[in-house]
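J.:
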Amino acid sequence: MFEKTYTLEWKIQYTEHISFGKELCDSRMNHSKQLTSTSETSLFIILLVFSILTYIFLFFSVIGIVIIALLWLISFFSHGLFLGQIRSNGVKITDSQYPQINQKVYDLCKEMNIFKTPSVYVVESAGILNAFATRLLGRNFVVLYSDIFELIEEGAEDEVTFILAHELAHIKRNHILKQILLLPGNVVPFLGSAYSRACEYTCDRMGAYFIENGECAGNGLMILAVGKRLYQSVNKDAYIMQLQSERSFFVWLSELLSTHPPLPKRIAAVETFMNMREETHFPAPRKKIVILSLIIFLFFVGGVGSAVVASEVIIPSLSSVFEEESVFDDGGVTGITPLMEAIMSEDEAEFQSLISTGNLEATDSDGWNALHYAAEYPEDEKMLETLLDLGMNPDQNDHYGMTPLMVSSQNGFVSKVELLLVAGADPNLEDQEGWTPLIYIAYMEPTNRNDLYKVLLAAGGDPLKEDEAGYTAIDYARDAGNEADVKLLSQ
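Per the working numbering, the very first residue in the sequence shown carries number 59; after that it's consecutive.
1) Closer than 8 Å by C-beta to V218: which residues in its own chain qualify, once you throw out the five before and the five after it? Chain order, please.
2) For A420, collect the residues of the same chain with a Cβ closer than 6 Å to its Cβ; drop the 5 residues on either side in sequence, then sort them by chain order.
3) By DSSP, does A189 sit in helix, in strand, or in coil?
4) Apply the 10 Å Cβ neighbour rule to L522 and answer buried if 16 or more other Cβ atoms are within range, or exposed otherwise.
5) Which ranges would you report for the alpha helix (DSSP H) in the segment 397-435 if only whole runs of at least 4 residues count?
6) Pop quiz: G519 and L496 are said to be a contact at Cβ under 8 Å. What is the actual Cβ separation, rounded to whole angstroms?
7) Identify the residues that DSSP records as bridge partners of K149: which are they?
8) Do the CB positions of L101 and A252 come within less than 7 Å of each other?
9) Count the other CB atoms within 10 Å of the CB of S85; is the residue buried (16 or more) or exposed (fewer)?
10) Report yes or no: do three or more beta-carbon pairs, one from the segment 231-239 and one from the segment 253-266, lie closer than 8 Å?
11) Find the nearest neighbour of A392 within the set A400, D422, P320 and M398, judged by alpha-carbon distance.
12) Below 7 Å between beta carbons: does that hold for A527 and S291?
13) Among A500, G185 and G138, whose alpha-carbon lies nearest the alpha-carbon of T192?
14) Quick one: grab the DSSP three-state call for R255.
15) Does L288 come out as helix, strand or coil in the three-state DSSP assignment?
16) Does DSSP classify Y113 as helix, strand or coil?
17) Helix, strand or coil for L522, going by three-state DSSP, please let me know.
18) What's the call for N147, buried or exposed, on a 16-neighbour Cβ count within 10 Å?
19) Which runs of the alpha helix (DSSP H), 4 residues or longer, sit entirely within the segment 270-317?
20) Take the Cβ of A296 as the centre, count every other Cβ of all protein chains shown within 10 Å, and call the residue buried at 16 or more, exposed below.
21) May I ask you to report which of helix, strand or coil DSSP gives R197?
22) Helix, strand or coil for Y529? Go by DSSP, reduced to three states.
23) So I123 and F117 are in contact, right, with Cβ under 8 Å, and what is the actual spacing, rounded?
24) Do you know whose CA, among S183, D165 and V181, lies nearest T175's CA?
25) So what's Y156 in DSSP terms, helix, strand or just coil?
Structure (structure tokens):
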């Protein structure tokens, strides 16, 4: 729409575009909610700090400057060739090529106060549903894959408009340029991807806000999940609950590594922003945080080891420090008491010394007390038995509703489960997601789960008790393909 032909007409049109766009955008912004996602700004600042420090470090290194120059040149030429293919083979949206879509792009740019309308191209996608915004030599581009663009012929023009608005929001927020400049900050694990996910939430909000249609925004995201023919028949509530009940470590880790949030989270977030649903929570279970902490720990140990491989003194010193201080790093959990540490390290002498002087009921930042730790860490049940004999409550729950019985159940400790039940633990207590000890076993699939099932069922465990998503232990066992478990639980 704004090809640079420097005529008086163009200058008048461009001036009107700027004036009208600024007036309209400022007016709408004054009456809008906060469009930027809650974490985008804070993550940007953190990334900026790390990036500046990295740039300073590399600036004083000749090798660093050479590396930056080579990486930039390689990235520039590969990206230029990629866009060259799109510009030579794609269909450009203009006044004479899909004029109604061209007008929508123009109108959205006015409302968003984007002064230079980006070039929009449609490219064949071999069935892939996607769109993206990009930038080269100061020029912005939006690329729509053909399977997305075809929706305008199938009565889903508003959904396509949302996708366009989402990509234009990336341009409005300068996300593309920011992410290029902040690339050095990605040396910090998970930080760059977290910032990218926050940007996606922002653009979803802006897309929904500027098309003024939360339902079409949710539909536009659902298209990316299930395709352009089935999206209208999907139960969004069930789709969101599906992720809420998903407890796989690798599902959780894949989100941390991804530049885009899971689609159920994006749908829930944009519909919450548009006042279509109440805020939805997706809690991260502590066991996943522990595993991730160990992965990060190993990552840093490996990095340090490779950096000082020539030294025979520093490496053993660092290794001993990590072994002594970080082996029980609990992913940000604070308030771990000496008694809890003694339980984790299975130090019987220290344990016996501390139970007479320490506070048995003290909890860490997740609400775990000594009994939770005894249910989780030592394979031997003696420490757990001692704490129960001292009168600790077997049904004490943490901040997520998790009890010691749930902890021992998911870890497959039959003897500990028996001890807790004898001490009066309730086999049907639920955590905040409605999970019972039987559901934990069905989902975590410990090798000796048959024995665990029998013990809990004999104590009155209810296999038909439903969680917040409406699933029972039998349902989880069936989903896992464990028909023997289903049969046992159904008796």
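Heads up, the beta-carbon is just placed ideally off N, CA and C, and yes, glycines get one too. This one's a predicted model, so the numbers in the text were calculated from it and none came from an experiment.
T.: With the given structure in hand:
1) I159, L202, I206, F207, L209, I210 and G278
2) Close CB contacts of A420 within its chain, under the 6 Å cut and outside five residues either way in sequence, are with T395 (chain order).
3) strand
4) exposed
5) 406-412 and 428-434
6) Going by Cβ atoms, the distance from G519 to L496 rounds to 5 Å, so yes, they are a contact pair.
7) First, the amino acid is wrong: residue 149 is Val here, not Lys. Bridge partners of V149: V180.
8) Yes; because the gap between Cβ atoms is below 7 Å, this pair is in contact.
9) Residue confidence for S85 is low, a pLDDT of 43 falling below 50, so the modelled location carries little weight and cannot support an answer.
10) yes
11) The residue asked about is misnamed: residue 392 is Thr in this sequence, not Ala. The shortest Cα separation from T392 among A400, D422, P320 and M398 belongs to D422.
12) no
13) G138
14) R255 falls in the helix class under three-state DSSP.
15) coil
16) helix
17) DSSP places L522 outside both helix and strand once states are collapsed to three, so it counts as coil.
18) exposed
19) 272-284, 294-302 and 307-315
20) exposed
21) strand
22) coil
23) 7 Å
24) D165
25) coil
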